[in-house]
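J.: Here you go, one structure.
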Amino acid sequence: MTPLPLRLVRSRQQRCLHAVAGFAAAAAAIAAPWPWGAFGLVWLIAAAWMTQRRVLPLGIDGCDDGTVLLRWPDGSASPAAIAPASRVGVWLIALQFVSERGRCALVLWPDSADSETLRQWRIWLRWERPAVLRRIERRLGEAPQPS
């Protein structure tokens, strides 16, 4: 079973959390003594700028071999492996990919896609994908080793 293609939208919950954290960090930087406050504000502005300029995939398609296909805003698609550091929770899914474009981290919030698709992805990431990877490892282990 491969999950439905995941079409991502920007999460409203994530934006609200980032805004609250940003305001709290700005308030802490302003309340700090002069040199540290200025440094904190510069760091906060740089972090916000990097977050806004980051390019994230528009969609993810699961493949039968346990890998995924990342669909990018420029119309291209690149195969990627899901890194072992990825985590699947009841509420959030934190994915780390390794692809030809490099490493990419993506957090799927409850409002990043429709609930049924996210449910299928949770099942696939927790149960189906590890089983597929074990079958592939077994097959590779049974193959004759070149001498």
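Sequence positions in the sequence shown follow this note's numbering and run 2 to 148. Don't be surprised by glycine CBs; every beta carbon is placed ideally from N, CA and C.
(1) Do you know how far the Cα of Asp66 is from the Cα of Glu138?
(2) Taking Cβ positions, are Ala95 and Arg104 nearer each other than 8 angstroms?
(3) With distances taken between CB atoms, is the gap from Trp44 to Pro58 smaller than 8 angstroms?
(4) Pairing CB atoms from the segment 73-87 with CB atoms from the segment 10-29, are three or more of them under 8 angstroms?
(5) From the DSSP secondary-structure annotation, give me the bridge partner or partners of Leu96.
(6) Around the Cβ of Phe40, are there at least 16 other Cβ atoms within 10 angstroms (buried) or fewer (exposed)?
(7) If you measure between the beta carbons of Gln121 and Leu9, is that distance less than 8 angstroms?
(8) Applying the 10 Å Cβ sphere with the 16-neighbour rule, what's the burial state of Ala47?
T.: In short, the structure shows the following:
(1) What you label residue 138 is simply residue 137 of the sequence shown in a count that begins at 1. What you label residue 66 is simply residue 65 of the sequence shown in a count that begins at 1. Each residue's alpha carbon lies about 11 angstroms from the other.
(2) Translated into the one-based positions of the sequence shown, residue 95 becomes position 94. Translated into the one-based positions of the sequence shown, residue 104 becomes position 103. No.
(3) Translated into positions along the sequence shown, residue 44 becomes position 43. Translated into positions along the sequence shown, residue 58 becomes position 57. No; because the gap between Cβ atoms is not below 8 angstroms, this pair is not in contact.
(4) no
(5) Along the sequence shown, read from residue 1 onward, the residue named residue 96 stands at position 95. Among the bridge pairs identified by DSSP, Leu96 is matched with Leu107.
(6) Sequence index remark: in the sequence shown, residue 40 carries index 39 (1-based). Note on Phe40: under 16 other CB atoms within 10 angstroms of its CB, so exposed under the neighbour-count rule.
(7) In the sequence shown, residue 121 corresponds to position 120, counting from 1. In the sequence shown, residue 9 corresponds to position 8, counting from 1. Not in contact: Gln121 and Leu9 (Cβ atoms no closer than 8 angstroms).
(8) Mapped onto the sequence shown, residue 47 falls at position 46. Under a 10 Å Cβ-count criterion, Ala47 is classified as exposed, with fewer than 16 other Cβ atoms of the shown protein chains found around its own Cβ.
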